[in-house]
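Residue numbers (my numbering), protein chains in the order written: chain A, 1 to 242; chain B, 1 to 272. Input: a single structure, listed below in structure tokens.
Here it is as structure tokens:
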């Protein structure tokens, strides 16, 4: 049974000196409090006080302005960032759909890229074989599937990425913005597939600025501002109470 | 599950580190495939493809022999084997170190995009370097046989160095990869240092007894690593001092690397 519980999550990013020894640091925001962590080092508190409990069937929308901490929260839930404090409890296979094109190799054929993608997601050979035809079929690539990816148009690569990413629904799905791909006709098909995909997933957490999308998709919402937990509850209540 | 039971099950940092190394290794299908694709990407759309690796190695080795054999007293035949074998070992060592310093930095997109064991990136990188050097190895053996100064059984014996190198390469990359994420200056320092070390290591020169170079060679641990591969080809035996230096260096590196890895692994993504 899918379960995802966050308990007082906090994520700090280290702040580094400028000049000698400084490190390229993209995450340094201008309007956020600097804190001093337990080792006496300065840090940026990117996320603080986040708690929620999701069970099978729950769809959580993350809302808040840019830099609110939505992506940080998703990365933490995905197990990519370790929380500085607090804990996450989960059961079920978690899958993050952050960057559908991550890991595509331009020199490899479409078919081999599907295989590689499967390996990245921890599928075994049999599972990959099983999904292969469906992915090829859905991506509408035809004979191009045995050509190197670099010969594809942007749209073709996007279609392949979308098809490969949505082949098997996980127990818990994490998404940073809605994904879609291709031209008008493919977009409709992609939207159908996405809806199927989401409805067969136990728990969904999606960050988006599109409130209409979230209203249609989610039953719960969580609002973040400047990394601070602002509110959590029924989607309509959270979206009204700005 | 109650609170106490959950606390007991909470894995220690050591367990997490070992699990990372083991589960990363088990995903060999992934890192061999990705390593191979990396290599193919580097030689994309070339006529010779991966053959360029061998061509490049052979050309450099020959040029080095041509230029530096005049500066050494030994026969050209002996010196040729010395250079070819030494240069091949050095190619693996220097690539392991310089790309090890970059292994996590270069994988930033992956580390932030998908949850894989951190060791996966190390295995992938070493696999790529190893594959590259296996191609060079074929050329190296061909050159050595061509020049004619070698011990036939020694050539087989020299291959023992390959797993030994790999056993050292893993902690080296793990350690340097981590440290360079936390201090990017270290990466530049390493890149500079490795170029200097090339000259301080007996590759294009042979240490004559009672010279400064003999001292340099004696105190330079890289000499012994080279010797693991080169001396069997020349003399038909693996020298004991080289094995000892390898063993204690590798043991120490594993110890330090594991400690750094278990302590800072969870912070890696935050610092990238």
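We put the beta carbon where it would ideally sit given N, CA and C, even for glycine. No experiment lies behind these values; they were computed from the predicted model shown.
Can you pull the chain A neighbours of residue i, defined as C-beta to C-beta under 9 Å?
{"i": "residue 177 of chain B", "result": "Ordered by position in chain A, no residue passes the 9 Å Cβ test against residue 177 of chain B, which lies about 15 Å from the chain."}
Which residues in chain B sit within 8 Å of residue i, going by Cβ to Cβ distance?
{"i": "residue 99 of chain A", "result": "109, 113"}
{"i": "residue 96 of chain A", "result": "113, 114, 115"}
List the residues of chain A that residue i touches, going by C-beta distances under 8 Å, in chain order.
{"i": "residue 269 of chain B", "result": "75, 80, 81, 82"}
{"i": "residue 266 of chain B", "result": "82"}
Which residues of chain B have a Cβ atom closer than 7 Å to the Cβ of residue i, listed in chain order?
{"i": "residue 107 of chain A", "result": "37, 40, 41, 44"}
Compute the Euclidean distance between the alpha carbons of residue i and residue j, then round it to the nearest angstrom.
{"i": "residue 197 of chain B", "j": "residue 243 of chain B", "result": "21 Å"}
{"i": "residue 36 of chain B", "j": "residue 204 of chain B", "result": "31 Å"}
{"i": "residue 121 of chain B", "j": "residue 136 of chain A", "result": "28 Å"}
{"i": "residue 107 of chain A", "j": "residue 115 of chain A", "result": "14 Å"}
{"i": "residue 216 of chain A", "j": "residue 16 of chain B", "result": "40 Å"}
{"i": "residue 213 of chain B", "j": "residue 101 of chain B", "result": "28 Å"}
{"i": "residue 177 of chain A", "j": "residue 51 of chain B", "result": "44 Å"}
{"i": "residue 23 of chain A", "j": "residue 104 of chain B", "result": "Only weak support is given to the placement of residue 23 of chain A: the predicted model assigns it a pLDDT of 49, under 50, and the value that follows is read from those uncertain coordinates. In a straight line, the C-alpha of residue 23 of chain A is about 14 Å away from that of residue 104 of chain B."}
{"i": "residue 274 of chain B", "j": "residue 85 of chain A", "result": "Residue 274 of chain B lies beyond the residue range present for chain B, which begins at 1 and ends at 272; the question has no answer from this structure."}
{"i": "residue 131 of chain B", "j": "residue 163 of chain B", "result": "13 Å"}
{"i": "residue 134 of chain A", "j": "residue 167 of chain A", "result": "8 Å"}
{"i": "residue 67 of chain A", "j": "residue 102 of chain A", "result": "23 Å"}
{"i": "residue 259 of chain B", "j": "residue 175 of chain B", "result": "9 Å"}
{"i": "residue 211 of chain A", "j": "residue 187 of chain A", "result": "20 Å"}
{"i": "residue 75 of chain B", "j": "residue 266 of chain B", "result": "54 Å"}
{"i": "residue 335 of chain B", "j": "residue 239 of chain A", "result": "Residue 335 of chain B lies beyond the stretch modelled for chain B, which goes from 1 to 272, so this question has no answer here."}
{"i": "residue 241 of chain A", "j": "residue 117 of chain B", "result": "41 Å"}
{"i": "residue 42 of chain A", "j": "residue 48 of chain A", "result": "16 Å"}
{"i": "residue 156 of chain A", "j": "residue 237 of chain A", "result": "40 Å"}
{"i": "residue 152 of chain B", "j": "residue 70 of chain B", "result": "26 Å"}
{"i": "residue 166 of chain B", "j": "residue 93 of chain B", "result": "10 Å"}
{"i": "residue 154 of chain B", "j": "residue 240 of chain B", "result": "15 Å"}
{"i": "residue 264 of chain B", "j": "residue 178 of chain B", "result": "8 Å"}
{"i": "residue 69 of chain A", "j": "residue 120 of chain A", "result": "26 Å"}
{"i": "residue 235 of chain B", "j": "residue 226 of chain B", "result": "14 Å"}
{"i": "residue 252 of chain B", "j": "residue 26 of chain B", "result": "25 Å"}
What in chain B is Cβ-close to residue i, meaning under 9 Å?
{"i": "residue 13 of chain A", "result": "270, 271"}
{"i": "residue 103 of chain A", "result": "34, 109, 110, 113, 114"}
{"i": "residue 116 of chain A", "result": "30, 33, 34, 37"}
Go to residue i, then tell me how far its alpha helix (DSSP H) extends in each direction, as first and last residue.
{"i": "residue 228 of chain A", "result": "Taken as a continuous stretch (DSSP letters only), residue 228 of chain A belongs to no alpha helix (DSSP H), being part of the beta strand (DSSP E) at 228-234."}
{"i": "residue 127 of chain A", "result": "125-139"}
{"i": "residue 8 of chain A", "result": "Counting along the chain, residue 8 of chain A falls outside any alpha helix (DSSP H), though it belongs to the beta strand (DSSP E) covering 3-14."}
{"i": "residue 42 of chain A", "result": "No alpha helix (DSSP H) holds residue 42 of chain A; the beta strand (DSSP E) holding it covers 42-55."}
{"i": "residue 30 of chain B", "result": "28-42"}
{"i": "residue 214 of chain B", "result": "212-219"}
{"i": "residue 82 of chain A", "result": "Premise fails: residue 82 of chain A is in no alpha helix (DSSP H) and is neither H nor E."}
{"i": "residue 108 of chain B", "result": "108-113"}
{"i": "residue 237 of chain B", "result": "Segment: none, residue 237 of chain B is in no alpha helix (DSSP H) and carries neither H nor E."}
{"i": "residue 159 of chain A", "result": "154-165"}
{"i": "residue 75 of chain B", "result": "Element bounds for residue 75 of chain B: n/a, residue is neither H nor E."}
{"i": "residue 56 of chain B", "result": "51-68"}
{"i": "residue 76 of chain A", "result": "70-77"}
Under DSSP, the beta strand (DSSP E) around residue i begins and ends at which residues?
{"i": "residue 143 of chain A", "result": "Residue 143 of chain A -> no beta strand (DSSP E), and no H or E assigned at all."}
{"i": "residue 176 of chain A", "result": "172-176"}
{"i": "residue 247 of chain A", "result": "Any question about residue 247 of chain A goes unanswered here, given that chain A covers just 1 to 242."}
{"i": "residue 110 of chain A", "result": "Not the beta strand (DSSP E): residue 110 of chain A falls in the alpha helix (DSSP H), residues 110-120."}
{"i": "residue 91 of chain A", "result": "85-91"}
{"i": "residue 94 of chain A", "result": "94-97"}
Note down, in chain order, every chain A residue with its Cβ under 7 Å from the Cβ of residue i.
{"i": "residue 29 of chain B", "result": "119"}
Below 8 Å, is the gap between the Cβ of residue i and the nearest heavy atom of the ligand HEM?
{"i": "residue 191 of chain B", "result": "The ligand HEM is not among the ligands present in this structure, which contains no ligands whatsoever."}
Counting only runs that start and end within the segment 123-175 of chain B, where is the beta strand (DSSP E) found for 3 or more residues in a row?
-> Inside the segment 123-175 of chain B, DSSP marks no whole beta strand (DSSP E) run of 3 or more residues.
Inter-stretch contact (C-beta, 8 Å, three-pair minimum) for the segment 140-148 of chain B and the segment 224-237 of chain A = no
Continuous alpha helix (DSSP H) assignments of at least 4 residues falling wholly in the segment 182-224 of chain A | 184-199, 211-217
Three or more C-beta pairs below 8 Å linking the segment 85-96 of chain B and the segment 105-115 of chain B = Under the Cβ criterion (8 Å, minimum of three pairs), the segment 85-96 of chain B does not count as touching the segment 105-115 of chain B.
Between the segment 48-61 of chain A and the segment 200-209 of chain A, do three or more beta carbon pairs fall short of 8 Å?
-> yes
Give a yes or no on contact between the segment 23-32 of chain B and the segment 121-132 of chain B, applying the rule of three or more CB pairs nearer than 8 Å.
-> yes
Does the pairing of the segment 51-68 of chain B with the segment 148-165 of chain B give three or more beta-carbon distances under 8 Å?
-> no
Between the segment 233-242 of chain A and the segment 76-93 of chain A, do at least 3 Cβ pairs fall closer than 8 Å?
-> The segment 233-242 of chain A is not in contact with the segment 76-93 of chain A.
Inter-stretch contact (C-beta, 8 Å, three-pair minimum) for the segment 77-86 of chain B and the segment 219-228 of chain A = no
Alpha helix (DSSP H) runs contained entirely in the segment 172-202 of chain B, provided each spans 4 or more residues | 184-200
Runs of alpha helix (DSSP H) lying entirely within the segment 242-270 of chain B, each at least 4 residues, in chain order = none
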